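Trainee: Residue numbers (my numbering), protein chains in the order written: chain G, 34 to 317; chain E, 68 to 323.
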Amino acid sequence: MAYVEVRGLRKAYVTPRGRTPVLGGIDLSLDEGEFVAVVGYSGSGKTTLVSLLGGLIAPDGGDIRLDGVPVTGPGPERGIVFQHYSLLPWLSVRDNVALAVDAVNPGLSAAERRRITDEFIALVNLTPAAWKRPRELSGGMRQRVAVARGLAMRPKLLLMDEPFSALDALTRATLQDELLRIWGERRSTVILITNDVDEAILLADRIYPMTPGPDAVLGPAIEVGLPRPRQRRHMSLEPAYQKARRALVDFLRSSVSEREAATTEGGPRQMRPGSGTPGSPMEV
Amino acid sequence: MKIRLTSQLILPMLGAACVLLAWTVVSATIAPDLPSPARTWQESRRYILEPFFKDGEMNQGIGRLAFYSLVRVGKGFVLALAIGTPIGFLLGLSRPFHQSFDPIVQFMRPISPLAWLPLGLVIFQKSEPAAIFTIALCAMWPTVINTAVGVRSISQEYLNVGRVLKLSRSRMLTRIIVPATLPYVFTGYRLSLGLAWLVIVASEMLTGTPGVGGFLWQEYNSLVYAHIILSVLTIGAIGFLLDRLMGLVEARVRVN
Ligand SMILES: Nc1ncnc2c1ncn2[C@@H]1O[C@H](COP(=O)(O)OP(=O)(O)O)[C@@H](O)[C@H]1O
Ligand SMILES: [Mg+2]
């Protein structure tokens with residue numbers, strides 16, 4: 034059995050206004066140390082998938098196993114980098130990270146925990162800002178704190194929910210490069226949720242496209258044949274890049290047109306600009 | 068700069084002048100017993116200019132009287148916070164507690180200080196603790212309710228951080244729930260302080276304890292109406308200052 038094994042995961046939200054079926058049977062598996070991306074349109078249920086994997090909400094059906102153990106609730110062995118950072122505004126950068134380090138290492142001495150905290154703050158290049166509060170930071174710096182907090186938990190599985198989607202293109206590229214470097218150093222098991230096709234190809238070993246909801250499912254996994262360590266420069270010229278991109282975009286496009294043929298409601302969906310032109314060069 | 072001078076100094080002074088004028092007209096026409104502003108000043112100047120003189124239990128400078136009232140309000144206020152804050156947290160955190168006690172809170176909230184005071188006298192047999200009891204009981208509700216609302220409106224985002232980390236109950240409380248609720252709590256404190264000051268007059272009047280309110284009632288009984296106005300203005304000024312002070316504290320908490 035794979036390290037992470039998700040079978041037939043289903044979820045609908047029930048509100049007074051009715052039932053919204055969101056996920057209609059998600060299958061997904063990861064080996065230890067793999068970096069997998071899930072790419073889908075906004076509103077298709079990506080955050081719902083993260084909440085289920087994180088154990089923050091309960092599924093209607095299906096099964097999640099991490100390292101053979103069924104997931105029944107939240108826990109620090111599944112770290113989450115939330116879509117909206119979710120930093121605690123009353124704590125400094127340091128204390129936000131320390132909260133995680135202290136929570137997962139109760140057995141270590143205070144000095145050792147401090148060392149780990151400092152190590153992860155340094156890893157995301159935030160040492161000079163360690164004593165600042167989140168409101169004093171730029172969006173990119175906040176996202177770095179959130180990433181540091183997620184990594185500092187040293188989780189078996191790190192879930193990242195559109196970690197860079199709120200950032201401007203330049204900052205996003207910088208943080209993607211940083212994540213690429215950090216992951217190269219530590220090889221943790223990561224599921225990256227994104228709506229950015231190029232981000233997924235740059236970072237992931239394997240990509241699952243997600244059909245638009247309701248009842249979203251994952252399409253067949255697309256292997257990214259690019260060798261590591263990867264470089265953003267010239268990546269778009271590699272045949273492996275263009276192959277992965279074409280497969281991904283084709284699947285996402287056809288899943289939308291099928292959906293639109295099946296239903297009358299639902300206007301055009303939002304994707305990152307540039308995603309619609311397969312193989313277009315992307316260099317920052 | 069010119070606009071600020073107009074809006075922050077000249078216009079408020081114009082407003083005050085209007086009120087003084089109306090007061091003068093009323094005292095000169097329909098209410099001859101009401102002392103005019105000039106007479107009020109003449110009869111009160113010693114109380115203001117020597118604010119800390121003491122000729123007897125009930126004949127003291129306004130500063131001294133205000134000090135007694137402030138100490139009393141301070142005690143009642145601190146008691147209100149000490150009781151109200153934990154009740155507010157419990158109401159917000161525990162569903163069974165909320166179901167048990169929320170109806171009682173809603174029931175007790177609108178009861179006037181005039182109703183609690185005699186009960187306080189019955190319980191404590193002394194006017195001073197009865198007054199403090201009344202102040203605390205009337206002033207604590209905004210703290211209770213704001214704290215409870217604050218706890219219930221903590222963003223799920225923050226709670227999820229604690230859930231993922233599996234924080235212990237105490238760390239969840241000290242690191243997430245209390246700091247997230249603090250702005251609401253301090254809004255409650257500011258409203259509670261305003262209420263405590265509102266209640267002081269009534270409780271001093273009924274118990275006859277020395278303070279601005281007690282002085283006001285005594286001077287009414289001795290027909291020195293100018294001193295009623297002096298007391299009223301003092302109560303207003305101190306209430307205004309207390310609110311500003313708590314507003315500053317509240318703003319500091321909100322910034323975090
Ligand atoms: N707590 C909720 N209650 C009801 N509906 C929800 C809730 N959260 C999300 N949804 C709905 O589920 C769908 C998927 O949402 P989400 O998982 O946030 O999508 P994504 O992260 O891909 O943008 C959306 O239609 C959204 O309106
Ligand atoms: Mg989302």
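No residue lacks a Cβ here, since even glycine has one placed at the ideal position from N, Cα and C. Here the structure is a predicted model, which means the values were calculated and not measured.
What are the residues of the stretch 95 to 112 of chain G that lie near chain E, defined by any Cβ-Cβ distance shorter than 9 Å?
Mentor: Gly106, Pro107, Gly108, Pro109, Arg111, Gly112
Trainee: For a contact meaning CB atoms closer than 9 Å, what does proline 246 of chain E contact in chain G?
Mentor: Leu121, Pro122, Trp123, Leu124
Trainee: By the 10 Å Cβ neighbour count, where 16 or more other Cβ atoms means buried, how is aspartate 96 of chain G classified, buried or exposed?
Mentor: exposed
Trainee: For phenylalanine 68 of chain G, which three-state DSSP category applies?
Mentor: strand
Trainee: Would DSSP call glutamate 298 of chain G helix, strand or coil?
Mentor: Bear in mind that the predicted position of glutamate 298 of chain G carries a pLDDT of just 49, short of 50, making it too unreliable to give a figure here.
Trainee: Please tell me whether, using a cut-off of 7 Å, the distance from the CB of tyrosine 46 of chain G to the nearest non-hydrogen atom of ligand 1 is below it.
Mentor: yes
Trainee: Should glycine 78 of chain G be listed as close to ligand 1, given that the test is whether its C-beta is under 7 Å from any heavy atom?
Mentor: yes
Trainee: Answer with yes or no whether the minimum CB distance from asparagine 227 of chain E to chain G is below 8 Å.
Mentor: Yes, asparagine 227 of chain E counts as interfacial toward chain G.
Trainee: Along the alpha helix (DSSP H) that carries aspartate 96 of chain G, what are the first and last residues, could you check?
Mentor: Not the alpha helix (DSSP H): aspartate 96 of chain G falls in the beta strand (DSSP E), residues 94 to 99.
Trainee: Closest by CA to leucine 258 of chain E, which one among E/Ala89, E/Trp90, E/Ala147?
Mentor: E/Ala147
Trainee: Does the Cβ-Cβ distance between alanine 163 of chain G and arginine 127 of chain G come in under 8 Å?
Mentor: yes
Trainee: Less than 8 Å between C-beta atoms, sequence neighbours within five positions excluded: which residues of the same chain meet that for glycine 275 of chain E?
Mentor: Ser194, Gly281, Trp284, Gln285
Trainee: Just how far apart, CA to CA, sit leucine 191 of chain G and alanine 254 of chain G?
Mentor: 19 Å
Trainee: Rounded to whole angstroms, what's the CA-CA distance from leucine 260 of chain E to phenylalanine 144 of chain E? Just pull it up for me.
Mentor: 6 Å
Trainee: Report all residues from its chain with a CB closer than 8 Å to the CB of glycine 306 of chain E; omit the five preceding and five following residues, and keep chain order.
Mentor: Sequence-distant partners of glycine 306 of chain E (beyond 5 residues in either direction) whose C-beta falls short of 8 Å from its own C-beta, in its chain, are Gly261, Trp264, Leu265.
Trainee: Could you pull out every residue in the same chain whose Cβ sits closer than 7 Å to the Cβ of isoleucine 154 of chain E, ignoring the five residues on either side in sequence?
Mentor: Taking C-beta separations shorter than 7 Å and ignoring five residues to either side along the sequence, the partners of isoleucine 154 of chain E in its chain run Val211, following chain order.
Trainee: Would you identify the three-state DSSP class for leucine 42 of chain G, choosing helix, strand or coil?
Mentor: strand
Trainee: Between valine 252 of chain E and chain G, is there a C-beta pair that is closer than 8 Å?
Mentor: no
Trainee: Among residues of its own chain, excluding the 5 on either side of threonine 204 of chain G, which ones have a beta-carbon nearer than 6 Å to its beta-carbon?
Mentor: For threonine 204 of chain G, where only same-chain residues beyond five positions count, the Cβ hits under 6 Å are Gly173.
Trainee: At a threshold of 7 Å, does glycine 246 of chain G count as lining ligand 1 (C-beta to nearest heavy atom)?
Mentor: For glycine 246 of chain G, the CB falls within less than 7 Å of some heavy atom of ligand 1.
Trainee: To the nearest angstrom, report how far apart aspartate 210 of chain G and serine 235 of chain E are at their CA atoms.
Mentor: 36 Å
Trainee: Let me know the beta strand (DSSP E) ranges lying completely inside the stretch 153 to 189 of chain E, each 3 residues or longer, listed in chain order.
Mentor: none
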